[in-house]
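With this note's numbering, the residue at position 26 of the sequence shown is 36, and numbering never jumps.
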Amino acid sequence: MISTETEQNISKDTIKILLVEDHIMARMGTALFIKNNPEFALIGQAEDGMQAIDLALRLKPDVILMDIGLPKIDGIEATKKIKESGLEASILMLTSRESEEDVYAALSAGADGYIMKGSNLETLTNAIKSVNSKAGWLDPMIARIVLGNIQNGNNISTKKEKGENNSYGLTRKELEVLSLISDGLSNKEISKKLVVSISTTKAHVHNILQKLYLEDRTKAAIKALKEGLI
Numbered sequence: 011m012i013s014t015e016t017e018q019n020i021s022k023d024t025i026k027i028l029l030v031e032d033h034i035m036a037r038m039g040t041a042l043f044i045k046n047n048p049e050f051a052l053i054g055q056a057e058d059g060m061q062a063i064d065l066a067l068r069l070k071p072d073v074i075l076m077d078i079g080l081p082k083i084d085g086i087e088a089t090k091k092i093k094e095s096g097l098e099a100s101i102l103m104l105t106s107r108e109s110e111e112d113v114y115a116a117l118s119a120g121a122d123g124y125i126m127k128g129s130n131l132e133t134l135t136n137a138i139k140s141v142n143s144k145a146g147w148l149d150p151m152i153a154r155i156v157l158g159n160i161q162n163g164n165n166i167s168t169k170k171e172k173g174e175n176n177s178y179g180l181t182r183k184e185l186e187v188l189s190l191i192s193d194g195l196s197n198k199e200i201s202k203k204l205v206v207s208i209s210t211t212k213a214h215v216h217n218i219l220q221k222l223y224l225e226d227r228t229k230a231a232i233k234a235l236k237e238g239l240i
């Protein structure tokens, strides 16, 4: 099934979304959520990876909500092909899979965020807005799972204490901000927690990304957990 919807009366500030989900009930529920949010516009739906690629290239959405377990080709491979095409759409993996392997595979394929199905609507809304603004998103549940694996000795680099593997010149405050990013906090939430201005937080995030040679927060969180920076 491939479906597209009219783009008439869509404001330039509205986030255009392509939904990719093979389970009809899950797709219907997510589609209803998108349609009921005035900040979003559902411009297409697909039920397999090949359809996702076709619709993405034709409709040029701002954000693609992508399931992983899709027929024909899975969401990870579809994500890789869409990113390789040069399309500027942000891709948010919306899935029930919570394994560390899937997280790394999705992000390596170019996904801009990873959120679990069953997250509340406010969290999903924030995740969509975050990836649309190129800030990335990592579900706090996923961050805890990855961190748990690291603490159990399953990471690439074993650490003795927080920050021991910091070879990037991150300051103590930047490591603190990086830890909060890995917990899934937004810039606004970080500012409130650290009692600093939003501009100060943004400056810290900018410096962190520069020092880690990365473009978004999600990959910074994964790198931090994987390499024992926090």
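Just so you know, even glycine gets a beta-carbon here, dropped at the ideal spot from N, CA and C.
By the 10 Å Cβ neighbour count, where 16 or more other Cβ atoms means buried, how is Arg227 classified, buried or exposed?
To locate residue 227, count along the sequence shown from 1; it is residue 217. Counting C-beta atoms within 10 angstroms of its own C-beta, Arg227 has 16 or more neighbours from the protein chains shown and is therefore classed as buried.
Leaving aside the five residues before and after Val187 along the sequence, list all residues of the same chain whose C-beta is less than 8 Å from its C-beta, in chain order.
In the sequence shown, residue 187 corresponds to position 177, counting from 1. So the qualifying residues of the chain are Ile200, Leu204, Thr211, His214, Val215, Ile218.
Can you list, in chain order, the residues of its chain with a C-beta nearer than 7 Å to that of Met241? Leave out the 5 residues immediately preceding and following it.
Limits of the chain in this structure are 11 at one end and 240 at the other, which puts residue 241 out of reach.
Would the beta-carbon of Asn86 fall within 7 Å of that of Ala62?
Counting from 1 along the sequence shown, the entry for residue 86 is found at position 76. Counting from 1 along the sequence shown, the entry for residue 62 is found at position 52. In the sequence as displayed, the identity of residue 86 is Ile instead of Asn. With contacts defined as CB atoms closer than 7 Å, Ile86 and Ala62 fail to qualify as a contacting pair.
Given Lys45 as reference, the closest of Ala115, Ile27, Gly128 once Cα atoms are compared:
Counting from one through the sequence shown, the residue named residue 45 turns up at place 35. Here the closest residue by C-alpha is Ile27.
Grab me the residues of Glu94's own chain with a C-beta within less than 7 Å of its C-beta, minus the 5 sequence neighbours each way, in chain order.
For the purposes of this step, residue 94 is taken as the residue at position 84 of the sequence shown. For Glu94, where only same-chain residues beyond five positions count, there are no Cβ hits under 7 Å.
Could you tell me how far apart the beta carbons of Asp112 and Ile78 are, in whole angstroms, since I believe they sit closer than 8 Å?
For this step, residue 112 is matched to residue 102 along the sequence shown. For this step, residue 78 is matched to residue 68 along the sequence shown. Contact between Asp112 and Ile78 holds: their C-beta atoms lie close to 6 Å from each other, under 8 Å.
Could you compute how far the alpha carbon of Ile232 sits from the alpha carbon of Ala115?
For this step, residue 232 is matched to residue 222 along the sequence shown. For this step, residue 115 is matched to residue 105 along the sequence shown. In this model, Ile232 and Ala115 are separated by some 11 Å (Cα to Cα).
What residues match up with Gly123 in a beta bridge as DSSP calls it?
On the sequence shown, position 113 is the one that residue 123 refers to. DSSP output for Gly123 lists Leu102, Trp147 as bridge partner(s).
So what does Leu224 bridge to, in DSSP terms?
Walking along the sequence shown from the start, residue 224 turns up at place 214. Beta-bridge analysis with DSSP links Leu224 to no other residue.
Evaluate Met76 with the Cβ neighbour count: other Cβ atoms within 10 Å of its Cβ, from every protein chain shown; 16 or more gives buried, anything less gives exposed.
One-based indexing of the sequence shown puts residue 76 at position 66. Met76 comes out buried.
What's the gap between the Cα of Pro138 and the Cα of Leu102?
Taking the first residue of the sequence shown as 1, we reach residue 138 at position 128. Taking the first residue of the sequence shown as 1, we reach residue 102 at position 92. It is worth fixing the name first, because residue 138 is Ile in this sequence and not Pro. Their backbone Cα atoms lie some 7 Å apart in a straight line.
For Lys221, I'd like the list of residues in its chain whose CB is within less than 7 Å of its CB, leaving aside the five on either flank, ordered along the chain.
Mapped onto the sequence shown, residue 221 falls at position 211. Same-chain partners within the cutoff: Tyr178, Gly179, Leu180.
Pairwise C-alpha distance: Ser207 and Ala49
Along the sequence shown, one-based indexing puts residue 49 at 39. Along the sequence shown, one-based indexing puts residue 207 at 197. The sequence given here places Glu at residue 49; Ala does not occur at that position. The C-alpha of Glu49 lies about 26 Å from the C-alpha of Ser207.
Evaluate Leu235 with the Cβ neighbour count: other Cβ atoms within 10 Å of its Cβ, from every protein chain shown; 16 or more gives buried, anything less gives exposed.
As a working note, residue 235 is residue 225 in the sequence shown. Under this definition Leu235 is a buried residue.
Can you have a look at Ile34 and say buried or exposed, based on whether 16 or more other CB atoms are within 10 angstroms of its CB?
By one-based count along the sequence shown, residue 34 stands at place 24. Ile34 is exposed by the Cβ-count criterion.
Could you name the residues of the same chain whose beta carbon sits closer than 6 Å to that of Gly54, not counting the 5 residues immediately before and after it, in chain order?
For the purposes of this step, residue 54 is taken as residue 44 along the sequence shown, with counting starting at 1. Spatial neighbours of Gly54 in its own chain (CB-CB distance under 6 Å, excluding positions within 5 residues in sequence) are listed in chain order as Thr14, Leu28, Leu65, Leu69.
Neighbourhood of Val141 by C-beta distance below 7 Å, restricted to the same chain and skipping five residues each side
Along the sequence shown, read from residue 1 onward, the residue named residue 141 stands at position 131. So the qualifying residues of the chain are Val73, Ser100, Leu102, Asp122, Gly123, Trp147.
Near Leu117, which residues of its chain fall below 8 Å by C-beta distance, leaving aside the five closest residues on each side in sequence?
Counting from one through the sequence shown, the residue named residue 117 turns up at place 107. Excluding residues within five positions, the ones whose Cβ falls inside 8 Å are Tyr124, Thr228, Lys229, Ile232.
Under the three-state reduction of DSSP, which class applies to Val205: helix, strand or coil?
Reading the sequence shown from its first residue, position 195 is the one you call residue 205. Here Val205 sits in coil by DSSP.
State the beta-bridge partners of Phe50 as determined by DSSP.
Numbered from its first residue, the sequence shown carries residue 50 at position 40. The partner list for Phe50 (beta bridge, DSSP) reads Ile25.
With Ala88 and Leu97 assumed to form a contact (beta carbons below 8 Å), what rounded beta-carbon distance in angstroms separates them?
If you number the sequence shown from 1, residue 88 lands on position 78. If you number the sequence shown from 1, residue 97 lands on position 87. Actually they are not in contact, since the Cβ atoms of Ala88 and Leu97 sit about 12 Å apart, beyond 8 Å.
Buried versus exposed call for Asn197 [16 or more other C-beta atoms within 10 Å across all chains shown]:
The count along the sequence shown starts at 1 and reaches residue 197 at position 187. For Asn197, the number of other beta carbons within 10 angstroms of its own is at least 16, and it is reported as buried.
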